[in-house]
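Protein sequences, first through last, are from chains A, B and C.
Counting in numbering that gives the first Met the number 0, the first sequence runs from 0 upward without gaps.
Counting in numbering that gives the first Met the number 0, the second sequence runs from 0 upward without gaps.
Counting in numbering that gives the first Met the number 0, the third sequence runs from 0 upward without gaps.
Every residue, glycine too, gets a C-beta built ideally from N, C-alpha and C.
Values in this document were obtained by computation on a predicted structure and should not be read as measured data.
For reference, the structure discussed in these notes is given below.
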Amino acid sequence: MHKDQTLGEYLHAHGVSRRGFLKFCSATASLMALPPSAIAQVAEALAAARRPSVIWLSFQECTGCTESLTRSHAPTVESLIFDAISLDYHHTLQAAAGEGAEAARMAAMEENEGSYLLVVDGSIPLANPGYSTIAGISNLDMLKETAANAAAVIAVGTCAAFGGLPHANPNPTGAVSVSDIITDKPIINVSGCPPIPVVITGVLAHFLTFGTIPELDELGRPAAFFGQNIHDRCYRRPFYERGKFAHTFDDEGARKGWCLYELGCKGPTTYNACATLKWNEGTSYPIGSGHGCLGCSEPDFWDHGSFYTPIAAGLWGSREALIGAAAAGAAIGVGSALAARARKKKTQANEEATSS
Amino acid sequence: MNADNTAFRIFRESLERLGRDLPADDLSDDERVRRAKNTFLDKLDSHMAVDLETCIHCGMCAEACHYYEATEDEKYSPVYKFEPLRRFYRRELSPMRWLFRPFTKDVTADDLETWQELVYEGCTGCGRCDMMCPMGINISTLINVMREGIASAGLVPAELRALQIEQREKNTVFGVGAVELKELVEKIRQQGTEIRLDREQAEVLLLTTAAEVLLFPDALAASAKILNRVGADWTLLSKGFEAANVGLVSGDESTQKAATTRIAEQAKACGAATVILPESGHAYQAMRWEGANEVGEKLPFEVLAISEFIAREVSSGGLKLKTGANGSAVTYHDPCRLGRHGGVISEPRALLKELGLDFREADSNGRENYCCGGGCGEYVIKRSAPLRQKAFEIKKREFDETGADAVITSCANCRINLMIGAQNAGWQKPVESLVETVAARLAD
Amino acid sequence: MTLLDFARGPALQWSLIILVFGVMWRIIGALLIMAKKDLSKPRRKTMLRDGLKTIATRSLPEHQFEKRIRFQHLSGYAWHIALFISVLFFAPHIMFFESVLGFGWPHLPNPVILGTAAVSLAILLALLIRRASHPVQRLISNVDDYISILVVIVPLITGILAFAHVGARYETLLAIHLLSVEALFVWFPFGKLMHTALTFPSRFDAGASFGRKGVKA
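Have a look at this one:
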């Protein structure tokens, strides 16, 4: 596609009917919680939008975010958007390799200076830059170099947004998030391990339509998707309210689909759109399959105790420490009693001495 | 004996003069506090410590106290009556004293002077609060320690101090000594009852008390009559007859110990195996429960209240009583230190029932009994008269509700205090002695 | 570390350590002070049984006493029992105990627990008002009494708010609730909440000391 081609022209050239395009626009509008009256605005904006250049950098990641995005069996909203952007650099999806690939990246940065989108997945190791390099360039250097002239940065996945799995205790690579390094560009954190595909594309659609980043929560995540917790939208909530919990993964409660709080579900403290948008094109989500939410869109979700320990449980228990405390208390108690006794005896002796 | 009796009138008049013209001591404030603290330190033990740690300030103890009930004045809350002691404990002996000290006011001479009224006039040590407390705190014990501290600080109220000095220095109470005893013994002998006085050896040592000598000689005569009837090998000793213990009542430990020791020595001297206490609550407590601890060793003789002794003789068949009601209904007032603190609750009732009297229990009886209001030496304190009278209204109401024609009790001091209350209130029913009641109905 | 992590981790750790340490210190320090042996001859030698009996019977005062303390007596036991039901039989609490003790037990339905917690809170607030207004309690109450009632009321309020998901985000509500309970743990050894443990030796003493004289205490 020519760089000068608008998105509307490109889609038309690829056989997407006007009707299909409008369906996509209304789906996008509802995703972003816009009123029906905004659909026309979305359509007009997208039709006239220039295909933005997108550079996708993959650092300490498992490629799950890319897999989530690209796992589609039929033309979907996701793929439409993907086709709409000009993905000029992506390790998994690009055909080029080695110096050719790096040359393409540098060319895209130069030609679209100030207007390209930088998408990052994976965390950046700071303990030793050599832990993760691409073409001999450390993640840290590549990120700084590429972000310098980007319009905005989208940190896709919990690793890029918050550090993710590499950041978990004891964080041997010194992994950090994108926002720990880049402080002078707008950053949108699209967390999740992986994020819901349509959330990523919803963010891109917003950018394409309005040219701005969407409203973000205090963790930098799009509020439209991360503004509510799983618990409040969970279909098993009535069982939580009634105190009906599954105690094991195959007991009566589990088979009847009761609340998974006791099996460690982190729904109440996790903010994501899984309970409404669901996964696999709206098929289900972990709780629907009988497994508690891991809290994967939250920072440090690996470090809040076991996935199977309920939120109500304490994260500390040491019989030795408590026995030690009891022994120490008893010792001080004995000491104070002995001191009291000694004082009594002394007073009695004094009184006897003075009275006799 | 009824309230119009001349002897009673003379006694009440002598109470008016009690404690006047006592010389003031020259103790400095600091010295008072030092002595009180020493007493507290000596007396506080682990049981009291646990009690002091456990109080939850619920205030239910006030609802058990006859003085609070009679006045609705919160200063009579039992837990408040030992407040300076609580503070002392928290500062000096409690396990976390180092943490509490900065936040706990020290005991001052002002405290001791203020609390004198609360522990001597506002409390008879009756122990009703002990029974009420949901934490099981022995409140009366703590108030008693407070009293002992105030006593050692030289702040015993004048009337009690006068009595205490008299017993300590002259070995008499209310002016009753060996001479007065012997006079009475003669009188009783002339009335036809044999009194054994000053025998060298005896199995049973009978004690009496100044109140009996002055006001209730019939009670002494009755005791003698019963002892003679059962053929006991008994004696009175003019050197050791006084059961009253002004040391216990005033909080002066040395006087308490001296009075108890005197009796113990006399009992040992005549080889008595049993010591019988006359009708007096605090005298029973002094010898039966505190005697061994004062003397410092287990007592070599058994200690019985006269009512206990009589009940034992009746149940073993050694004493036969005339049964058959005489038509009058009676109720029984449990002396606090004989009943609740003493454990002699069923014996008097057994006797009254054995006599076939129409016996009516008051609403509050036995361990829940209301104090007569004059115990623990309180009735000699002039300033407490209005308070005692208000407390008497509670007893009067309960007695009236039983429909009894007479009140029977087994403590001379309860008897005196109830008679004073009755006289002031114009209440006509007689207050009588259990021993006299039994002695008047011995089977032929 | 989030506030919730802190509440479930270090705050729990140190508050429990302080609780256990302080309770042992205070109980043993009081029990061992010294007591002279009572040399008087007991009327009966059933002190152990008398003491244990009084631990139970002191909760059932005689009619003559009970009629004068009825409100406090009934409301006192009511809020305690309601609180214990709320604490011990609410499912998330049992999950908490299981994490500390290693075992759990069956729970009651959530609406029941909300009811008992509300009852407990209402009675506590009424008793707090009574304490501040009744002449006897005003005279004998001190800072300890008010702090102690507060450290019980606050967990009830924060617990109900967390249960109802009202007032803030759930993780904040839960953290505040846990912290309020940990505040109770920390205060426990130093204030009158210790009566929880001390009632037993205290009532036992009353039973034994009166029992040896032949009086039911």
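Own chain, CB closer than 7 angstroms to residue i, minus 5 neighbours either side, in chain order
{"i": "C/Arg-25", "result": "Pro-188 and Met-193"}
{"i": "B/Asp-50", "result": "Ile-136, Asn-137 and Leu-141"}
{"i": "A/Ala-107", "result": "Ser-52, Ile-54, Asp-87, Tyr-88 and Tyr-115"}
{"i": "A/His-72", "result": "With a pLDDT of 42 at A/His-72, under the threshold of 50, the modelled position of this residue cannot be trusted; read the value that follows with caution. Nothing listed; no residue qualifies."}
{"i": "B/Glu-392", "result": "Ala-69"}
{"i": "B/Val-294", "result": "Thr-259, Thr-260 and Ala-263"}
{"i": "B/Asp-110", "result": "Pro-83"}
{"i": "C/Asp-143", "result": "Gly-190 and Lys-191"}
Span separating the alpha-carbon of residue i from that of residue j
{"i": "B/Arg-16", "j": "B/Ala-384", "result": "14 angstroms"}
{"i": "A/Pro-74", "j": "A/Thr-27", "result": "Residue confidence for A/Pro-74 is low, a pLDDT of 45 falling below 50, so the modelled location carries little weight and cannot support an answer."}
{"i": "A/Lys-143", "j": "C/Val-111", "result": "57 angstroms"}
{"i": "C/Val-165", "j": "B/Gly-121", "result": "52 angstroms"}
{"i": "B/Gly-126", "j": "C/Arg-57", "result": "15 angstroms"}
{"i": "A/Val-119", "j": "A/Ala-95", "result": "19 angstroms"}
{"i": "A/Ser-317", "j": "B/Gly-246", "result": "57 angstroms"}
{"i": "A/Arg-241", "j": "C/His-106", "result": "11 angstroms"}
{"i": "B/Val-203", "j": "B/Cys-413", "result": "26 angstroms"}
{"i": "C/Leu-123", "j": "C/Trp-78", "result": "7 angstroms"}
{"i": "B/Thr-408", "j": "C/Ala-131", "result": "42 angstroms"}
{"i": "B/Asn-170", "j": "B/Ala-405", "result": "35 angstroms"}
{"i": "C/Glu-181", "j": "C/Ala-10", "result": "7 angstroms"}
{"i": "A/Gly-408", "j": "A/Leu-321", "result": "Residue 408 of chain A lies beyond the range of chain A shown here (0 to 355); nothing can be said about it."}
{"i": "A/Asp-183", "j": "C/Phe-89", "result": "49 angstroms"}
{"i": "B/Ser-432", "j": "B/Met-130", "result": "27 angstroms"}
{"i": "C/His-92", "j": "C/Gln-12", "result": "17 angstroms"}
{"i": "A/Ile-331", "j": "C/Met-23", "result": "9 angstroms"}
{"i": "A/Glu-8", "j": "A/Phe-206", "result": "19 angstroms"}
{"i": "B/Pro-347", "j": "B/Glu-307", "result": "8 angstroms"}
{"i": "A/Tyr-239", "j": "A/Glu-297", "result": "22 angstroms"}
{"i": "A/Thr-91", "j": "A/Leu-56", "result": "10 angstroms"}
Beta-carbon separation (whole angstroms), residue i vs residue j, contact threshold 8 angstroms
{"i": "C/Ala-117", "j": "C/Gly-158", "result": "Not a contact, Cβ separation roughly 11 angstroms."}
{"i": "A/Leu-45", "j": "A/Leu-6", "result": "6 angstroms"}
{"i": "B/Ser-45", "j": "C/Ile-32", "result": "4 angstroms"}
{"i": "B/Asn-450", "j": "C/Ser-98", "result": "This structure cannot settle anything about residue 450 of chain B, because the visible part of chain B is limited to 0 through 443."}
{"i": "B/Gly-444", "j": "B/Tyr-283", "result": "Lying outside 0 to 443, the shown extent of chain B, residue 444 of chain B is not represented and no answer is given."}
{"i": "B/Ala-63", "j": "C/Phe-64", "result": "6 angstroms"}
{"i": "B/Asn-227", "j": "B/Ala-285", "result": "The pair is not a contact, with the Cβ atoms about 26 angstroms apart (cut-off 8 angstroms)."}
{"i": "B/Ala-421", "j": "B/Thr-208", "result": "Not quite, the Cβ-Cβ distance comes to about 21 angstroms (not below 8 angstroms), so this is no contact."}
Which residues DSSP lists as bridging residue i, in chain order
{"i": "B/Asn-244", "result": "B/Asn-244 is not bridged to any residue."}
{"i": "A/Asn-188", "result": "A/Ala-154"}
{"i": "A/Phe-244", "result": "A/Cys-258"}
{"i": "A/Trp-55", "result": "A/Val-118"}
{"i": "B/Ser-279", "result": "The partner list for B/Ser-279 (beta bridge, DSSP) is empty, contrary to what the question assumes."}
{"i": "B/Val-406", "result": "B/Thr-330 and B/Val-430"}
{"i": "A/Arg-49", "result": "A/Thr-5"}
{"i": "B/Phe-358", "result": "B/Val-329"}
{"i": "A/Asn-228", "result": "A/Tyr-270"}
{"i": "B/Val-302", "result": "B/Val-274"}
Beta-carbon contacts of residue i that lie in its chain and below 6 angstroms, excluding the five residues immediately before and after
{"i": "B/Gly-239", "result": "Arg-261, Ile-262 and Gln-265"}
{"i": "B/Thr-123", "result": "Cys-370, Gly-374, Cys-375 and Glu-377"}
{"i": "C/Ser-14", "result": "Glu-181, Phe-184 and Val-185"}
{"i": "B/Met-95", "result": "none"}
8 angstroms CB neighbourhood of residue i in its chain, flanking five on each side removed
{"i": "B/Val-437", "result": "Ala-221, Ile-225, Ile-309, Leu-320, Leu-350 and Leu-354"}
{"i": "A/Ile-181", "result": "Leu-142, Lys-143, Ala-146 and Val-152"}
{"i": "A/Gly-291", "result": "Leu-259, Tyr-260, Leu-262, Gly-263, Cys-264, Lys-265, Gly-266, Pro-285, Phe-306 and Tyr-307"}
{"i": "A/Ala-222", "result": "Pro-213, Glu-214, Leu-215 and Asp-216"}
Contacts that residue i makes with chain F (C-beta to C-beta distance below 7 angstroms)
{"i": "A/Glu-8", "result": "The structure shown has no chain F; the protein chains it does contain are A, B and C."}
Any non-hydrogen atom of the ligand MN within 7 angstroms of residue i CB
{"i": "A/Gln-4", "result": "Here there are no bound small molecules, and the ligand MN is not part of this structure."}
Tell me, please, whether the segment 4 to 12 of chain B touches the segment 47 to 56 of chain B by the rule of three or more beta-carbon pairs shorter than 8 angstroms.
No, the segment 4 to 12 of chain B does not touch the segment 47 to 56 of chain B.
For the segment 0 to 13 of chain C and the segment 422 to 432 of chain B, state whether three or more C-beta atom pairs, one from each stretch, are separated by less than 8 angstroms.
Judged by Cβ distances under 8 angstroms, the segment 0 to 13 of chain C makes no contact with the segment 422 to 432 of chain B, as fewer than three pairs qualify.
Tell me whether the segment 188 to 195 of chain A and the segment 62 to 70 of chain A touch, counting them as touching only if at least three CB pairs, one residue from each stretch, are closer than 8 angstroms.
Touching, yes, given that three or more Cβ pairs across the two stretches are closer than 8 angstroms.
Should the segment 331 to 347 of chain B be regarded as contacting the segment 190 to 206 of chain C, the criterion being three or more beta carbon pairs within less than 8 angstroms?
Contact check between the segment 331 to 347 of chain B and the segment 190 to 206 of chain C: fewer than three CB pairs, one atom from each, fall below 8 angstroms, which does not count as touching.
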